[in-house]
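Just add 4 to wherever you are in the first sequence, counting from 1, and you've got this note's numbering. Positions of the beta carbon are idealized from the N, C-alpha and C atoms, including for glycine. Note that this is a predicted model, so its numbers are computed, not measured.
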Amino acid sequence: MRQSKLFTKTRREAPAGEVAKNAQLLVRAGYIHKEMAGVYSYLPLGRRVLTRIENIVREEMDAIGGQEIRMATLHPSENWKTTGGWDGVDVLFKIQSRTEKEYALGQSEEEIVTPIAQEFVTSYKDLPVALYQIGQKYRDELRAKSGIMRGREFGMKDMYSFHQTQEDFERFYQIVKDAYFRIYKRCGLTAKVTEASGGNFSEKISYEFMVLTDAGEDDIVFCNACEFCANAEVAQVKAGDVCPRCGKENVQAARAVEAGNVFDLGQKYPKAFGFTYKDKEGKAQTPIMGCYGIGTTRLMGTLVEVFADEKGIVWPENVAPFAVHLVSLGQSGDEVAKTADALYEDLTKAGVEVLYDDRDVRAGEKFAESDLLGIPQRIVVGKDAATTGVFEVVSRATGVATNMPRAELLASYIKK
RNA sequence: CGGGCCGGAGUAUGCCGGUAGUACACUUGCUUUGGGAGCAAGCAGACCGAGUUCAAUUCUCGGCGGCCCGACCA
5 MRQSKLFTKT
15 RREAPAGEVA
25 KNAQLLVRAG
35 YIHKEMAGVY
45 SYLPLGRRVL
55 TRIENIVREE
65 MDAIGGQEIR
75 MATLHPSENW
85 KTTGGWDGVD
95 VLFKIQSRTE
105 KEYALGQSEE
115 EIVTPIAQEF
125 VTSYKDLPVA
135 LYQIGQKYRD
145 ELRAKSGIMR
155 GREFGMKDMY
165 SFHQTQEDFE
175 RFYQIVKDAY
185 FRIYKRCGLT
195 AKVTEASGGN
205 FSEKISYEFM
215 VLTDAGEDDI
225 VFCNACEFCA
235 NAEVAQVKAG
245 DVCPRCGKEN
255 VQAARAVEAG
265 NVFDLGQKYP
275 KAFGFTYKDK
285 EGKAQTPIMG
295 CYGIGTTRLM
305 GTLVEVFADE
315 KGIVWPENVA
325 PFAVHLVSLG
335 QSGDEVAKTA
345 DALYEDLTKA
355 GVEVLYDDRD
365 VRAGEKFAES
375 DLLGIPQRIV
385 VGKDAATTGV
395 FEVVSRATGV
405 ATNMPRAELL
415 ASYIKK
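Quick look at the structure:
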């Protein structure tokens, strides 16, 4: 992609009154556009990052047998009235058509997925099954805040599983948990899982996946030697105490952001819809249900919060909008520009995703913008590169620069 | 939902009861070219409603919108 053709521009100044680092940087760098409080559009750069995050989530969900579907986000009010959510869920957006028919906007999809499953799951042979989607969610938050971390419209992966027994749900939960940890790891994050109450959502327990970052809203305590982790508000121990589970190490405290959750829904929704299947004896049974969420847009905001430095965004390799930022310091038509053009062609042919800054602007502006955009690797093409064929490769995260001859540079990408 | 602050060119801001000024961005020209350049010219602005006043962008009230703190948070 040639930067001269890229839609959007960077800004020098952060938008007024925007305090959240993720929103400041993503708006300044031209990744997102704010529509209103808690609602953002994703511009080409932002959409690329979000797609990469979604693809990581998609791969991991597919790998554990999840089947991707696409559910409606405009919901019939009847489904919500059936489960009690119409009056019971305060963040539910309710809308009315011009003929005064009522609808809800999806803030979660139990009310849709349960009747879908009901139609196709009629036998114990159809279980277990896990359905998921990646899409928009709408929540009527009283106060949207923290940029894309807590909006009224946001992206989420939500998966729903149905099982014959509680044991089978527990088995599947362990599989999902491992997949979640792989997702966070691939995004460069460290996560812990806590047990929490299910809120008004479920009388059963729920699990929250917490990513360690000072930008979080929750305080947690955890153990490095075992899986112990709890919300500090309800924990029986505090930092420095011996771990209550393994006794091997002392508990640590940290700030964290909730980046995923799992709810043991029991039979609440199947019961509400009268969803049963026939067991081996031909008797009607009600399935056990679980749901599993990961906020994709929140994950994107978390990555900005965790990795950004004073110069701008720093993307982990696996989610960056481009792998390489090729910065030409030449002016269109000169030898430097021709050298950069040729390298751009070769890298693109090699399958490398390159953002090529081919604009006729000054070097300082290009470097400042490059730092702001946060692409992991920068290749600088200056006078030296044009004459010697040696290119300067700089890591955005570490700032370390290395000089590589053209052939070696190309080979390093072909290996990958 | 309770409390606070705010609302002006595309963006960010200074001053002000009576010519709305500056910077960046954008357009044109010249110079410059390895860390957000310089000069010159140009384009472009008061959220809505009511009230006070000779006169309101400025003061008052209401609405709408934004941000922050708290509460809330599937």
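Beta-carbon gap between residue i and residue j smaller than 8 Å
i    : j    : result
A1   : A148 : This structure cannot settle anything about residue 1, because the visible part of the chain is limited to 5 through 420.
D245 : N254 : yes
A121 : F173 : no
T301 : I152 : yes
T12  : L47  : yes
I379 : F326 : yes
F232 : C250 : yes
I383 : V331 : yes
C191 : I73  : no
H329 : Q381 : yes
A257 : A243 : yes
A24  : I317 : no
S101 : R363 : no
N26  : G305 : yes
G159 : L49  : no
A114 : V43  : Sequence check: residue 114 is Glu here, not Ala. Result no, Cβ atoms of E114 and V43 do not sit closer than 8 Å.
Y136 : V266 : no
V31  : E22  : yes
V281 : V125 : Per the sequence presented here, residue 281 reads as Tyr, with Val not at that position. Cβ atoms of Y281 and V125: closer than 8 Å.
M293 : G278 : no
V238 : I138 : no
Q111 : R143 : yes
Rounded distance between the beta-carbons of residue j and residue i, thought under 8 Å
i    : j    : result
V385 : G334 : 7 Å
A260 : D222 : 5 Å
K196 : I179 : So it is not a contact: roughly 18 Å between Cβ atoms.
I209 : E199 : 6 Å
K98  : E104 : Contact doesn't hold; Cβ gap of about 12 Å is too wide.
Q28  : T77  : So it is not a contact: roughly 29 Å between Cβ atoms.
L359 : Y417 : No, L359 and Y417 are not in contact; Cβ-Cβ is about 15 Å, not under 8 Å.
For residue i, the first and last residue of its enclosing alpha helix (DSSP H)
i    : result
E171 : 170–190
T55  : 48–67
K353 : 339–353
V310 : 300–311
R259 : Run containing R259: none in the alpha helix (DSSP H); it sits in the beta strand (DSSP E), 256–270.
L333 : Premise fails: L333 is in no alpha helix (DSSP H) and is neither H nor E.
S165 : Note, S165: premise wrong, no alpha helix (DSSP H); beta strand (DSSP E) at 157–167.
V31  : 25–32
A121 : 114–124
G139 : Unbroken run through G139 is the beta strand (DSSP E), 133–142; no alpha helix (DSSP H).
D223 : From DSSP, D223 is part of no alpha helix (DSSP H) but of the beta strand (DSSP E) over 222–226.
Start-to-end residues for the beta strand (DSSP E) that takes in residue i
i    : result
Q100 : 97–100
T406 : 405–409
R382 : 381–385
N235 : 233–235
S399 : 394–399
L377 : L377 -> not in any beta strand (DSSP E); alpha helix (DSSP H) instead, spanning 367–377.
E106 : 106–109
D245 : Unbroken run through D245: none, as it is neither H nor E.
E82  : Unbroken run through E82 is the alpha helix (DSSP H), 81–87; no beta strand (DSSP E).
K358 : For clarity, residue 358 is Val in the given sequence; the question names Lys instead. V358 -> beta strand (DSSP E) spans 358–361.
F213 : 209–216
E39  : 36–40
Residue i, buried or exposed, once every other Cβ within 10 Å from all chains shown has been counted against 16
i    : result
R175 : exposed
G203 : Confidence in G203 is poor, its pLDDT being 49 and thus under 50, which makes the residue's placement unreliable; the coordinate value appears in the next sentence. Counting Cβ neighbours within 10 Å, G203 comes out exposed, since fewer than 16 surround it.
E82  : exposed
L346 : For the record, residue 346 in the displayed sequence is Ala; it is not Leu. Counting Cβ neighbours within 10 Å, A346 comes out exposed, since fewer than 16 surround it.
D361 : buried
P291 : buried
A108 : buried
R218 : The question names Arg, yet the displayed sequence has Asp at residue 218. Classification of D218: exposed, given that the 10 Å Cβ count is below 16.
N407 : exposed
A389 : buried
P274 : buried
K284 : exposed
R15  : exposed
Q240 : exposed
V71  : According to the sequence shown, residue 71 is Gln rather than Val. Classification for Q71: exposed.
Three or more C-beta pairs under 8 Å: does that hold for the segment 122–141 against the segment 94–106?
Three or more Cβ pairs closer than 8 Å define a contact, and the segment 122–141 falls short of that threshold against the segment 94–106.
Between the segment 152–164 and the segment 103–122, are three or more C-beta pairs nearer than 8 Å?
Short answer: they touch.
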